[in-house]
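Number of protein chains: 2
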Amino acid sequence: MDEAPQSIQGLVCPVPLPHKDQIVMGHGSGGTMSHDLIQRVFLSTFDNSILSAGNDAGSCLINAHTRLAISTDSHVVSPLIFPGGDIGRLAVCGTVNDVSMLGAQPLFISAGFILEEGLEVTILETIVASMGQAAREAGVQIVAGDTKVVQKGKGDGLYINTCGIGLIREGLTIGGEHSQAGDLVILSGPVGDHGIAVLAARGELGFETDITSDVAPLNSLVQSMLDASQRIHVLRDPTRGGLATSLNEIARQSRASIVIDERSIPVRKAVSAACEILGFDPLYVANEGKLIVIAHPDDVQKILGAMRSHPLGTDAVVIGQVEGSPAGRVLMKTRIGSTRVVDMLSGEMLPRIC
Amino acid sequence: MDEAPQSIQGLVCPVPLPHKDQIVMGHGSGGTMSHDLIQRVFLSTFDNSILSAGNDAGSCLINAHTRLAISTDSHVVSPLIFPGGDIGRLAVCGTVNDVSMLGAQPLFISAGFILEEGLEVTILETIVASMGQAAREAGVQIVAGDTKVVQKGKGDGLYINTCGIGLIREGLTIGGEHSQAGDLVILSGPVGDHGIAVLAARGELGFETDITSDVAPLNSLVQSMLDASQRIHVLRDPTRGGLATSLNEIARQSRASIVIDERSIPVRKAVSAACEILGFDPLYVANEGKLIVIAHPDDVQKILGAMRSHPLGTDAVVIGQVEGSPAGRVLMKTRIGSTRVVDMLSGEMLPRIC
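These protein sequence lines are chains A and B, in that order. The numbering of the first sequence is this note's numbering, which starts it at 1 and goes up by one. The numbering of the second sequence is this note's numbering, which starts it at 1001 and goes up by one.
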């Protein structure tokens, strides 16, 4: 982490932020700085309702018979290979998952590679093999590609951009704007594994850990949930910015309040311990194989049943519910019985985590 | 151009190439080194017929009613802004054009941004505005986006990846594999403008020039051609590697011979002069607003008529024809009356041109 010191969640920034009209690492955090930049620069220019919906994928009508989910991600994770995965697996799963969060079945993926001069071809081959394996797991085809090379010192080994195209079942309307007061909030499993695994791979933990990234394709889990219930209103995978940031996005989109119970949120002991030492809150640490489900309360048992019968949803649990107000806010009942506001990530916590 | 000396078309490489198991700049040339890397690393792993077809876009059947063209490009051009365009306009047009080369109507684009810490936000705003303008010209919507930030010294200001999704008219089968002996080869206008304009912007010409990039969205030109003829067999935009490399790709895909006439190939005087001084062959210099058409000879006058009534095809001209043998070869009748083989670009001529 060689960037200038930034604000860390809950701490006051000890030094001034860089000039406000330059890009800083915090603009890539997925938190408030990212949202502000996206609003200021991108949404105001690329003015269209699909992009402005603010979901993990755009919902695009192609013709009377066909609605697509389209999503893209550039992957700049450092290091390229980490416990439980690598940039190739991450690129495929990240895009498969974003497409799945509209309830779509991902079918096709494109892959653009920016290679730094000097990258060993064997490393590239390892990562590409891992992409192929992840694509087979997810049942998607990589149908378009591009390779560019930049001079040494103008990249960092390898960046991968993926775009995913999926087919949305007819009649399905899932999105962050659809949560309703009374809905329950389900989390598919423990949070924070991916972020801590990448930090460990950088040697930044200062101690040994056996935490591995949770990076996995969630599309088959989603399809089994959709088979179990037609009242799933929201799906989201809490990546950069973590669970707290994703819940805030949903609360804003739905103009609702989300109230979660701290005691119900699963966190592995090793992740919890690492976060305590590093001063991180696991609610803000990235995941790459977890999802949030918000659904009608009457269907929650059916959904939990479907999730728990799937290898990627065995630890699924209800963590909270949607309420009418305060609109756009996430509140948490803490272990000691109080209630506190849970904000979106501000500044930069873990750069280049995905 | 701070990379190690490389072979230049027509010259013997003066120093040994870097270790063969590392990525070198030539792997990004779009010529034989790119093709070898793609074959060795990507095609063998992502083994599917859509990708292996080797066209500018993948032809993907979504359901009984819908066939999509999907294409991606990462853009790493240096400098970010050049005469006639910038990386934003290039990203949109490059992807619109690749999708159009299957005869598809491009509808949606995704955009992934890799920003280097320290990039001025005003430069980003300028480029994003230019993307918006190019998208409006092409009639496409930017429906998915992503923003990542890398530390200073791990990027070069801004890289943009775009993926395009287009709808292929029912019954249309256009692709590099479909040229037939007897077909004629049309070029939409003079070659080499983009490459020389970018070189000029780098200050590498050593003299003044008013050449501007030809970067433009070709989809409306393509649609007017498709309205004029149902016997267009191949469309291709000769970008990296230039006209010579694109024709070689088509000759290989179709297992045919393509014979072109040097005197018929339009090159602006200023481009020709710049190439002569630099030792470049304009046939290998990148274009971003030109296309090659290969069609049944009986339809060529209709197609030329449609092209010449369009602002981007006013200089369209027949440059050659397809023959049965020698299969996979491009031959050129030279100005002095001899015939020579025109190979694919080998090594690297102009790095980071798109």
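Backbone N, C-alpha and C define an ideal beta-carbon position, used for all residues, glycine too. As the structure is a computational prediction, the values presented were derived from the model and not from experiment.
When A/I353, A/M344, A/S272 and A/R352 are compared, the shortest CA-CA separation from A/M33 is found for A/M344.
Its chain contains L80, T126, I127 and S130 as the residues whose beta carbon lies nearer than 8 Å to that of A/D86, once the 5 sequence neighbours on both sides are disregarded; these appear in chain order. The beta carbons of B/K1148 and A/G28 sit about 5 Å from each other, so the pair counts as a contact at 8 Å. Pairing B/A1316 with B/I1196 gives a Cβ-Cβ distance that is not under 7 Å.
For B/G1182 and B/Q1321, the gap between their C-alpha atoms comes out near 6 Å. Annotation for A/G195: the continuous alpha helix (DSSP H) segment containing it runs D193 to A201. For A/G88, DSSP assigns no beta-bridge partner whatsoever. Distance from the CA of A/V121 to the CA of A/Q133, rounded to the nearest whole angstrom, comes to 18 Å. Under DSSP, the beta-bridge partners assigned to B/R1329 are B/S1257. Bridge pairing for B/P1106: B/G1166 [DSSP]. Looking only at A/P266, A/A111, A/A104 and A/G305, the smallest Cα-Cα distance to A/D193 is reached by A/P266.
Residue range V1121 to A1138 is occupied by the alpha helix (DSSP H) that includes B/T1122. Excluding its 5 nearest sequence neighbours in each direction, A/L226 has C-beta neighbours in its own chain below 8 Å: G103, R169, L172 and I232, listed in chain order. Inter-residue distance for A/A251 and A/V234 is about 11 Å (C-alpha atoms, whole angstroms).
Residue-level contact check: B/A1201 does not touch chain A, since none of the beta carbons of chain A fall below 7 Å from its beta carbon.
Taking 7 Å as the Cβ-Cβ cut-off, the segment 1038 to 1060 of chain B approaches chain A at I1038, V1041, F1042, T1045, F1046, N1048, I1050, L1051, A1057, G1058 and C1060, given in chain order.
Remark: C-beta atoms of A/V99 and A/A69 approach each other more closely than 7 Å.
Judged by DSSP secondary structure, A/V271 falls within the alpha helix (DSSP H) whose first and last residues are K269 to L278. Below the 8 Å Cβ cutoff, chain B contributes L1115, T1147 and V1149 as neighbours of A/H27, in chain order. In this structure, the CA atom of A/D261 is about 25 Å from the CA atom of A/G347. Cβ proximity to chain B below 8 Å picks out L107, F108, S110, A111, G112, F113, I114, L115, E116, E117, G118, L119, E120, V121, T122, L124, E125, V128, A129, M131, G132 and A135 from the segment 107 to 136 of chain A. Straight across, the Cα-Cα distance linking A/A201 with A/T209 is about 10 Å. In its chain, beyond the 5 residues on either side, V1076, V1077 and S1078 have a beta carbon closer than 7 Å to the beta carbon of B/R1352. Any Cβ of chain B closer than 7 Å to the Cβ of A/V140 would place that residue at the interface, and such an atom is absent. Nearest in C-alpha terms to B/L1187, of all of B/I1319, B/M1025, B/G1031 and B/Q1022, is B/I1319. Shown here is that no member of the segment 269 to 285 of chain A has a Cβ falling below 9 Å from a Cβ of chain B. Relative to B/G1058, the option among A/Q180, A/Q141 and A/G324 whose CA is nearest is A/Q141.
Of A/T162, A/A111, A/R240 and A/M101, the smallest CA-CA separation from A/H178 is found for A/M101.
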